[in-house]
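Data block below; observations after.
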Amino acid sequence: MSKFKIGDILRAKFTGHYCGEVEIFGRVREFKGKMICCNEINSESPFFCYEDEAAKVDLPESVLKSLGEIA
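Numbered per our numbering, the sequence shown spans residues 7 to 77.
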């Protein structure tokens, strides 16, 4: 059972294949096996992560959007 549920906002950190560590904020959309399917907060672009790469975030969405614009 996942510690996340659909609609939760999370911060995912993982190392990209061609770049260094990536941090992205997103909203949980669905679960596919061990993968968490999310939409990025600012662009609504889809991304996938594993539960061990993610942490639940308890900030208002407006604050998260401003963080994404700075990053």
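The beta carbon of each residue, even a glycine, is placed where N, CA and C say it ideally should be.
Buried versus exposed, by CB contacts within 10 Å (16 or more), residue i
i	result
A77	Summary for A77: the model assigns pLDDT 48, below 50, so the residue's position carries little reliability, and this model does not support an answer.
I12	exposed
V34	buried
G26	exposed
K65	Position check: residue 65 holds Leu in this sequence, whereas Lys was assumed. Result: exposed.
Residue i and residue j closer than 8 Å at C-beta
i	j	result
C55	I47	no
Same chain, Cβ closer than 8 Å to residue i, five either side skipped, listed in chain order
i	result
E57	S8, K9, F10, K40 and I42
Nonlocal neighbours in the same chain, by C-beta distance under 6 Å from residue i, ignoring five residues either side
i	result
G22	V28
A18	I30, C55, E59 and A60
Residues that DSSP places opposite residue i in a beta bridge
i	result
R17	F31 and A61
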